[in-house]
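The next block holds one structure in the form of C-alpha cells; read it before the comments.
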Amino acid sequence: MSRFYLTTAIDYANGDPHLGHALEKIGADAIARFHRQLGDDVWFLIGMDEHGQKVAQTAEQAGMAPQAFVDRVAERFQAMWTTLGISHDQFMRTSAAPHHAAVTDLLERIFRHSPDDFYERSYTGRYCVGCESFKQPADITDERCALHPTRSLQEITERNWFFRLSAYTDRLKAHLAAHPEFVQPATRRNEILALLEQGLEDVSASRARFAWGVPFPRPLSDGETQTTYVWFDALPNYWTAQTFPGSRAPWPADVHIVGKDITRFHAVIWPAMLMAADLPLPAMIWAHGFISLGGERFSKSAGVKLELADAIARFGPDAFRYYLLRDVPFDGDGAFSWERFEAVYTAELANGLGNLASRMTAMLEKYCDGIVPTGVRGATDAADLADYAEARAAMAGRRGFPVHEALEAVVRTVGRANQLIQDAKPWVLAKNPAQREALDGVLATLARQLARQAVYLAPFMPQKAEALWQALGGPGTAGGTTFAAADTLDCAGWRVTKGEGLFPRPEPPAGA
Ligand SMILES: [Zn+2]
1 MSRFYLTTAI
11 DYANGDPHLG
21 HALEKIGADA
31 IARFHRQLGD
41 DVWFLIGMDE
51 HGQKVAQTAE
61 QAGMAPQAFV
71 DRVAERFQAM
81 WTTLGISHDQ
91 FMRTSAAPHH
101 AAVTDLLERI
111 FRHSPDDFYE
121 RSYTGRYCVG
131 CESFKQPADI
141 TDERCALHPT
151 RSLQEITERN
161 WFFRLSAYTD
171 RLKAHLAAHP
181 EFVQPATRRN
191 EILALLEQGL
201 EDVSASRARF
211 AWGVPFPRPL
221 SDGETQTTYV
231 WFDALPNYWT
241 AQTFPGSRAP
251 WPADVHIVGK
261 DITRFHAVIW
271 PAMLMAADLP
281 LPAMIWAHGF
291 ISLGGERFSK
301 SAGVKLELAD
311 AIARFGPDAF
321 RYYLLRDVPF
331 DGDGAFSWER
341 FEAVYTAELA
351 NGLGNLASRM
361 TAMLEKYCDG
371 IVPTGVRGAT
381 DAADLADYAE
391 ARAAMAGRRG
401 FPVHEALEAV
411 VRTVGRANQL
421 IQDAKPWVLA
431 KNPAQREALD
441 GVLATLARQL
451 ARQAVYLAPF
461 MPQKAEALWQ
471 ALGGPGTAGG
481 TTFAAADTLD
491 CAGWRVTKGE
501 GLFPRPEPPA
511 GA
C-alpha cells in the first residue's frame, strides 16, 4: 500500500466559502477518493489560513476578537464541506497551538541549517492593507492598489527579518530541470521558469504591523519582536499538519493542489524555505484554473453572485460535484451557468445514467425475478476496462491530475451500456425462449457495467454511487470497493431492486 498525501490551499478566513473554493475542494476530494479506491493509504488535508491584518480588521469591524471570529468562519467552511461530501482526513487551522509551535520549529531549523538566510533589513514601500503586502509600481493605478481601488496605500518604513530567496534561484531552476513534473500543468511550469529567469528578490519573513499571528522566534537586533509574515505562517501548514494530535500526515506531500494565482508562492517560496530548512520537497504542485459565472442570469445583472447553497439545492450535492468536474477542466478555466448545469444534468444524469439504471433494474425484475443471471464476459467488458484503464492513468499523477479526463472515461461506459440495450433489444430476445441464453448474457453484461460504474463514479458522486450499488444488490459499499476488484467482479446472483429514480427529471426552477 503506497502512501498518498494531498493538500488543498488553506482558505483565507475572511469571508464565506464560494464557488472557487468549492471547485478546488471537489476536485481534490475526487482525487483523494480515487486514490483510496486504488488501494493507497491516503491522507487528505484541507483547512483555513486564519492569521493576518485583514482578518484582524474584519474581526474588529464585526466587534469580535480575532479567535472568535475565525472560529465562526471555520465552522461555516466545515459545514459547507460536509454538505459537499468532502472526505478530508484533517482540517488545518493556522490559529491552532500545534501550528504555532511547528512554524517556530521550522524557522529555527532555517536559522540552524542556513544561518545566512534570515537577515535584518529596513524596507520602505507602499503598503496595501487589502493585499497585506507592499505594492510594486506595476500594481499601482492612480496612486491606489489595482486590486483595492477604494483603499489608500500607506507609505511604510520598517525593519524586518528578510529571507534570502534570491540565493535559491539556481537551485530551484536545477530542481525544475531535474523534475519537470514538480509544477503542472506545463503552462504554469513555464510561468515559474520565466520568473526564475528574471531572478528572485528576497522576501519579508516578519512584520511589525500586526499582532494576529505567530510571533517570529528571534527578536531584531534592537530587541523588537515581530510577527511571522504571511508566507512563513501559511505555507508551512502542509508540513506542520503532522504535528497535530491524531494526524498521520506524512512528509513530503505527493501533491499540493492550488489555484493558478498562488502557484508561484508554492513553486518558489515554499520549496526555497524547505531547502533552507534541509527538508524534502513535495513531489508536485498542481495548479487548477479559475471558474467564472456565465449564462443568462449572471449576465443580465452585473454583480449577481452565486450562492453555493442554491447551486447545491438545485439537484443535490452529487449532481453539483458532477457538473463542476464535467464542465470545468481541472487544468484550465471554466464557467458555471444555470443553463449548462441543467443541460448536463438532464442529458447525462437523468437521461443517461439514471435512465440506464432504471431500465436495467426493470428488465431484470421482469425477465429474471430480480436476480442477475450468469453470463460470459465479452467485448463490451473489454471496451469498458480499456476506458477504466484510461481513468486510472489520468489520476495516477504522471500527467498531473486531469480529473475531468477520468470522469470522461467513465461517462463513455454509460454511453456504451445504453448502446448495448439499443442494439441487443432484450425485450425482443425475451419473446423467444430459444434466445434465453442470449438474453441472460446481455442482462449480466449490463449488470457488470452498472456495478463498475457505481465503483468508478464513487469518487465523483459518492452518495449516488452508493444508491446505485445498493439498487444492484452489491456487497459492502461502492466506495469501499477497489478498482482492481471492480474490474474482475461478477454480479451473478445479485438481487436488484427497482427503487426511486437516481436522478429525477428536472422540474422548472422556481420563478422561471
Ligand atoms: Zn491591494
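The numbering used here applies: residue 1 is where the sequence shown begins, and numbers increase by one.
For each residue, glycine too, the CB sits at the ideal point set by N, CA and C.
(1) Taking 8 Å as the threshold (C-beta atoms), are D440 and R412 in contact?
(2) Rounded to whole angstroms, what is the Cα-Cα separation between M1 and G479?
(3) How close, in whole Å, do the beta carbons of Y119 and R189 come, if the pair is a contact with beta carbons under 8 Å?
(4) Does ligand 1 have even one heavy atom less than 7 Å from the beta-carbon of L165?
(5) CB A267 to CB I192, shorter than 8 Å?
(6) Kindly provide the chain-ordered list of residues whose Cβ lies closer than 7 Å to any non-hydrogen atom of ligand 1.
(7) Once the 5 residues before and after A9 are set aside, which same chain residues still bring their CB inside 7 Å of it?
(8) Extract the residue ranges of the alpha helix (DSSP H) inside the stretch 71-136, only unbroken runs of 4 or more that lie entirely within it.
(9) Tell me which residues share the same chain as Q463 and place their Cβ nearer than 6 Å to its Cβ, disregarding the 5 neighbours each side in the sequence.
(10) Suppose you measure from the CA of Q154 to the CA of Y127; what does that come to, to the nearest Å?
(11) Would D381 pass as a contact of R416 if the rule is Cβ separation under 8 Å?
(12) Beta-carbon separation of Y456 and D254 under 8 Å?
(13) Can you list the beta strand (DSSP E) stretches of 3 or more residues lying completely in the stretch 267-342, in chain order?
(14) If I measure Cβ to Cβ from F503 and keep anything under 8 Å in the same chain, skipping five residues before and after, which residues do I get?
(15) I'd like the span of the alpha helix (DSSP H) that includes R452, first residue to last.
(16) Mind checking whether T227 and A211 have CB atoms under 8 Å apart?
(17) Compare the C-alpha of A68 against each of R93, T82, L84 and name the closest.
(18) Between the C-alpha atoms of R505 and L489, what's the straight-line distance to the nearest angstrom?
(19) When you compare only the Cα positions, how much space is there between E429 and R448?
(20) I believe G27 touches L325 by the beta-carbon criterion, under 8 Å. Please report the beta-carbon distance rounded to the nearest angstrom.
(21) From what residue to what residue does the beta strand (DSSP E) around H21 run?
(22) Using a 10 Å radius around the Cβ and a threshold of 16 neighbouring Cβ atoms, would you call A512 buried or exposed?
(23) So, with DSSP's three-state summary, where would you put N351?
(24) To the nearest angstrom, how far is it from the Cα of A467 to the Cα of Q242?
(25) Determine whether the Cβ of K135 lies closer than 8 Å to any Cβ atom of chain C.
(26) Locate the alpha helix (DSSP H) running through G415, then write down its first and last residues.
(27) Tell me where the beta strand (DSSP E) around D49 begins and ends.
(28) Is the closest heavy atom of ligand 3 to the C-beta of F315 under 7 Å?
(29) In this structure, what does DSSP give as the bridge partners for Q154?
(30) When you compare only the Cα positions, how much space is there between A520 and G501?
(31) If we count Cβ pairs, one from each stretch, closer than 8 Å, do we get three or more for the stretch 396-411 versus the stretch 328-344?
(32) Measure from the alpha carbon of G334 to the alpha carbon of each residue in Y323, Y168, E342, then state which is nearest.
(33) Quick one: what's got a C-beta closer than 6 Å to F34's C-beta in the same chain, skipping five residues either side?
(34) Enumerated in chain order, which unbroken segments of the beta strand (DSSP E) with a length of 3 residues or greater are wholly contained in the stretch 207-269?
(35) How many Å lie between L84 and A313 at the Cα?
The answer reads as follows:
(1) The Cβ-Cβ distance between R412 and D440 does not fall below 8 Å.
(2) Annotation: M1 to G479 spans about 17 Å, alpha carbon to alpha carbon.
(3) Actually they are not in contact, since the Cβ atoms of Y119 and R189 sit about 30 Å apart, beyond 8 Å.
(4) In this structure, the C-beta of L165 stays at least 7 Å away from each heavy atom of ligand 1.
(5) In this structure, I192 lies closer than 8 Å to A267 by Cβ.
(6) In chain order, the hits are C128, G130, C131, K135, C145, L147, H148, R151.
(7) Taken in chain order, the residues that qualify are E24, V258, G259, I262.
(8) As for any alpha helix (DSSP H) of minimum length 4 sitting wholly inside the stretch 71-136, the runs are 97-113, ordered along the chain.
(9) Within the same chain, Q463 has close Cβ partners D318.
(10) Using only the alpha carbons, I get a separation of about 5 Å.
(11) Not in contact: D381 and R416 (Cβ atoms no closer than 8 Å).
(12) Not in contact: Y456 and D254 (Cβ atoms no closer than 8 Å).
(13) Those beta strand (DSSP E) runs which fall completely within the stretch 267-342 and span 3+ residues are 285-288, 291-293, 334-336.
(14) Taken in chain order, the residues that qualify are F315, A319, Y345, L349, A350, L353, G354, K464.
(15) Start and end: 436-457.
(16) In this structure, T227 places its C-beta atom within 8 Å of the C-beta atom of A211.
(17) Comparing Cα positions, the closest option is R93.
(18) If I take the Cα positions, the gap works out to 31 Å.
(19) In the sequence as displayed, the identity of residue 429 is Leu instead of Glu. If you take the alpha carbons of L429 and R448, they lie about 19 Å apart.
(20) Right, their Cβ atoms sit about 7 Å apart.
(21) Element bounds for H21: not the beta strand (DSSP E) but the alpha helix (DSSP H), 19-37.
(22) Because A512 sits at a pLDDT of 48, beneath the cut-off of 50, its placement in the model cannot be relied upon, and the following sentence gives the value as read from the coordinates. Burial call: exposed.
(23) Looking at N351 - three-state DSSP - the assignment turns out to be helix.
(24) About 35 Å.
(25) Absent here is chain C; the protein component of the structure consists of one chain.
(26) The continuous alpha helix (DSSP H) containing G415 extends over residues 403-424.
(27) For D49, the uninterrupted beta strand (DSSP E) run begins and ends at 41-49, by DSSP.
(28) As far as ligands go, the structure on display features ligand 1 and does not contain ligand 3.
(29) Y127.
(30) A question about residue 520 goes unanswered here, because the residues of the chain that appear run from 1 up to 512.
(31) Touching, per the Cβ criterion.
(32) Of the listed residues, the one whose Cα sits closest to G334 is Y323.
(33) Cβ neighbours of F34 beyond the five flanking positions: M395, P459.
(34) Counting only runs of 3 or more, we get 255-259.
(35) Whole-angstrom Cα-Cα distance: 11 Å.
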